[in-house]
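To start, the structure under review is shown below, and the notes come after it.
Okay, here's the thing in structure tokens:
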């Protein structure tokens, strides 16, 4: 994190936000509170990897002297009675800056960094140290710091735009030291409570002149910044779960983070300890101009000369004073360089309460005492990690030639060069260095899993997998395990045989495949053969790989349209028919084909089914009705599935007639299972695979097989029977799905419900056949038409493989044991999918069945057999080699948190089918606590128990895990329907890593900061209400929705330019698209929206949210670092909870 820049006075924050209930707000309208020094910190807008702030003492607090009290940490407020656990250690700071997985970047202004003091013995007075900027290379930091060991990346990237931190100009000295009377501000915890939280607030200046050699006493300063709420992202632990400071009434739990300028209640003591802190930067992306005040606007605080830093020892005592470094603390012994002085070692990375400046205690009446809170800028920030990875790894291509390389994050744009391992676009792993033994794997609890997306779309500048044709003999395979030829096979005996890299069996090389070896033992045609030199490639399959030993026919698409009263009345039937007239010209085709080989057919239905003969020789389409839905058959063979070009005029005539034929229908009931049976029978009769596109509106209550009843019951939530809401209400659909998979009949379902539809049951066939579900609740033509049509176009046109079977082979020592995704399995090894498209992933978990060796590593080979859209049978092969380790530190250094979260979410979402939701949530928290406790115990350097120490590449695990725990499936708010939960559960199960990343931690962009002259996006900000400013417009996207949030004080000119109306009150929140206006701001925002739409697999619904409007509650649900209305914890609270869990495991 490069933090070596000159400090400058921090800018003022943006306007204060309205407070949350439950908190008293100190005056924040610009009237200074009496006696409160202003904070001199800059606005932090970016995420800081920093650490949290300490907790309030138990016992009486002694107020620090008022004069020159330390400025409140900007924005951090620690609730009282709340142990702050910093993400990093508690008690001592072993981490200065979190080394982030990506180095952190900062703007030029350097922020004084204040890692906390090393572990402090509980009986000394603590002084604060001021530290210099964090080291340039975060990596070094980490090792010294067990603290957070966050380190294996160097951080030299420039500060991301938009994450500005303004450092204080200098810290006012506190006059006098705190007395070490044992009435410490921080009381030691009792055993049951655990040590005080540690927190490092990064970048907080110290507020008190250090005293050389002074012992640290129990008196840790309460650190508090009341105005800043912690970033939310967390799962359910409210501040109240921490032991309260003695005697302090516990303040009400916060519904959300306190807003800037608002006080948070703190421990009562004889003096109120309270300073309100500066309002959060209102989402500005750079340092703000002017010193922020602590929540008040007023004259800037006096500046003082920088204080001398102290040298900290690891045991928490201070060494002699070094020469004063500007705004910097002294060096740590033996640590890498930090700070302005070249050569001063950085502090270890840990968090410590003692090192956070605390605001003054005596300014407000007791009832207004703030709660101590951890500085949200001081805990690991997803935005910072993403920015750092982009700047460090986005410019160089990722070359896959080396075993066990961890790829750049999914949020980074990078180019892949395949040199023997599959691209991360096809396979991502939770760890690229796996434990050699099962004992080690059990000890760490890190799941070993791969998220595989076999038909992933590549960017235009990357080469598609080559298609290799070995003629009638087919691909060369190992005799014993049947693995396919790949770059890791070892040729021996001059090239006449090869030894399998998976099972070690030796196989003869077929004569036609023989080639001589060069002096290194490689075949001389190594570079001419994709299967010997690349990680991903395709083989043309022979007839042996086909059903019934005959080559497949091209697939068919059948469009099945609900024509009941609701569908006709809403305009849906007409819309679908109009769209299909043009869309059928864009059916998928093989690269060089003139026209698509796919045939099409049409069915309409309500209580009965109508089949249409659209044979090209007919002048008009013919309709045949099947009313015996209990015994479904297809009334015609010839003329039902046709070539689009040949029957174009008949099809156009049919699509014109359907809306007219049913215009006056009164039929409200529908059937559903017979519709799927009809499509299945038609494909069987035509002897081909294919896809059904079903457009359905209501619960199928008409008398027919698969009839359902309304079983929606909100009373089951949070009971042991809640799991039944996610299970199908009848086994009928599971049996139907099995038949569909056997025929290669994939079902895509477009749902348009106005009430409960039972997605959990209707989605079974879609889910098990590898299809997709799209849901448009309360569909309205004017607002939902664009989204539906875009989804339909993409769904019809995207690359898809039919009748697919996937098998994952592994080298000796591990094997695939569990699978997650949209598919069917009839045995333990083969993943069967009637259809597999380019957006679907299959997640595979591996377990040890023997020891692995560090020398040979571990190999995976994913083989997918499928029929292309032209009817060609192919095998797509992806190979990946991983390292193996005997040291846990190597495992933790090579994990990928985004993939880990993808796996954990899928594991939990499957868990709700069989266990109560609470059990699933507790298991997730426990597993993550075990992962982090194992790291702490075995990999981090020894430090006090009060520290929260996280591995560098897992420092975002708590924030992301909290988002999963707070998601609608695991913790629904009152407005979330049962169907929504079932829908999201199925959707997430086949999402790739990039999709789960933005789904659980949405992207929040300040549109008003966008540069209208460049193509780039404005720098993202953290998902917390305190980051929003009333004068700005923000965009939030999560892969399903795009919200445009407009603050009440946005300038009239911006409103006019974006919405074409003259004032805030005239903005319509029913817009589903932004008006097309000829001005740079409108063009820029629309281009951002278009750019985001292209990146996602579904067309996102655009929702305009005006501040203080009723829709704002929905928007706030996505500000995942804050506390959620459904009871989910804020990020800070969850971090504290995780720390508590980890400490319990360690003790």
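Numbering (this note's numbering), first residue to last: 78 to 1224. Ideal Cβ positions, reconstructed from N, Cα and C, are used throughout, including at glycine.
Fully enclosed alpha helix (DSSP H) runs of no fewer than 4 residues occupy 809-820 of the stretch 800-838, in order along the chain.
With respect to the 8 Å criterion, residue 1089 and residue 1108 are not classified as neighbours on the basis of their beta carbons.
In the DSSP assignment, the residues bridged to residue 1179 are 1119. DSSP links residue 690 through a beta bridge to 699.
The shortest C-alpha to C-alpha distance from residue 1024 to any of 525, 465, 1219 and 596 is the one to 1219.
Between the alpha carbons of residue 1187 and residue 832 lies a distance of about 22 Å. Taking all protein chains shown into account, residue 1176 has 16 or more neighbouring C-beta atoms within 10 Å of its C-beta and is therefore buried. Annotation for residue 991: no alpha helix (DSSP H) segment contains it, and DSSP assigns it neither H nor E. Closest option to residue 642, judged by alpha-carbon separation, among 745, 703, 1192 and 565: 745. In the structure shown, residue 570 adopts helical secondary structure according to DSSP, grouped into three states. Taking the Cα positions, residue 1015 is about 19 Å away from residue 974.
Under the criterion of beta carbons closer than 8 Å, residue 502 and residue 530 qualify as touching, at roughly 7 Å. When only Cα atoms are considered, residue 961 and residue 588 end up about 36 Å apart. Sequence-distant partners of residue 1080 (beyond 5 residues in either direction) whose C-beta falls short of 6 Å from its own C-beta, in its chain, are 1097 and 1114. For residue 1134, the enclosing alpha helix (DSSP H) covers residues 1129-1136.
In this chain, the alpha helix (DSSP H) harbouring residue 1190 covers 1189-1193. Distance from residue 880 to residue 911 at the Cβ level is roughly 7 Å; contact confirmed, criterion being Cβ atoms closer than 8 Å. DSSP places residue 1157 in the helix class (H, G or I) of the three-state scheme. With 16 or more other CB atoms across the displayed protein chains lying within 10 angstroms of its CB, residue 633 is buried.
Around the Cβ of residue 740, a 10 Å sphere holds fewer than 16 other Cβ atoms; the residue is exposed.
Taking C-beta atoms as the reference points, residue 544 and residue 923 fail to come closer than 8 Å.
In this structure, 1119 is the residue among 1119, 956 and 886 with its C-alpha nearest to the C-alpha of residue 1178. The three-state reading of DSSP puts residue 628 in coil, since its state is none of H, G, I, E or B. DSSP places residue 858 in the helix class (H, G or I) of the three-state scheme.
In the assembly as shown, residue 1224 is an exposed residue. Its beta-carbon has fewer than 16 other beta-carbons within 10 Å. Taken through DSSP and simplified to helix, strand or coil, residue 938 comes out as strand. A straight-line Cα-Cα distance of about 18 Å links residue 781 and residue 841. Our two residues, residue 989 and residue 1032, have alpha carbons roughly 27 Å apart in a direct line. The three-state secondary structure of residue 766, taken from DSSP, is coil. Short of 6 Å from the beta carbon of residue 939, and not among the five residues preceding or following it, lie these beta carbons of its own chain, in chain order: 529, 885 and 955. Around the CB of residue 853, 16 or more other CB atoms lie within 10 Å, so the residue is classed as buried. With distances taken between CA atoms, residue 992 lies nearest to 803 out of 563, 803, 915 and 951. For a cut-off of 8 Å, the C-beta gap from residue 563 to residue 608 is around 6 Å, short enough to register as a contact. Counting the other Cβ atoms within 10 Å of the Cβ of residue 582 gives fewer than 16, which makes it exposed. Cβ-Cβ separation between residue 1125 and residue 1184: approximately 5 Å, consistent with a contact (criterion under 8 Å). Counting C-beta pairs closer than 8 Å gives fewer than three between the stretch 615-629 and the stretch 754-761, which falls short of the contact rule.
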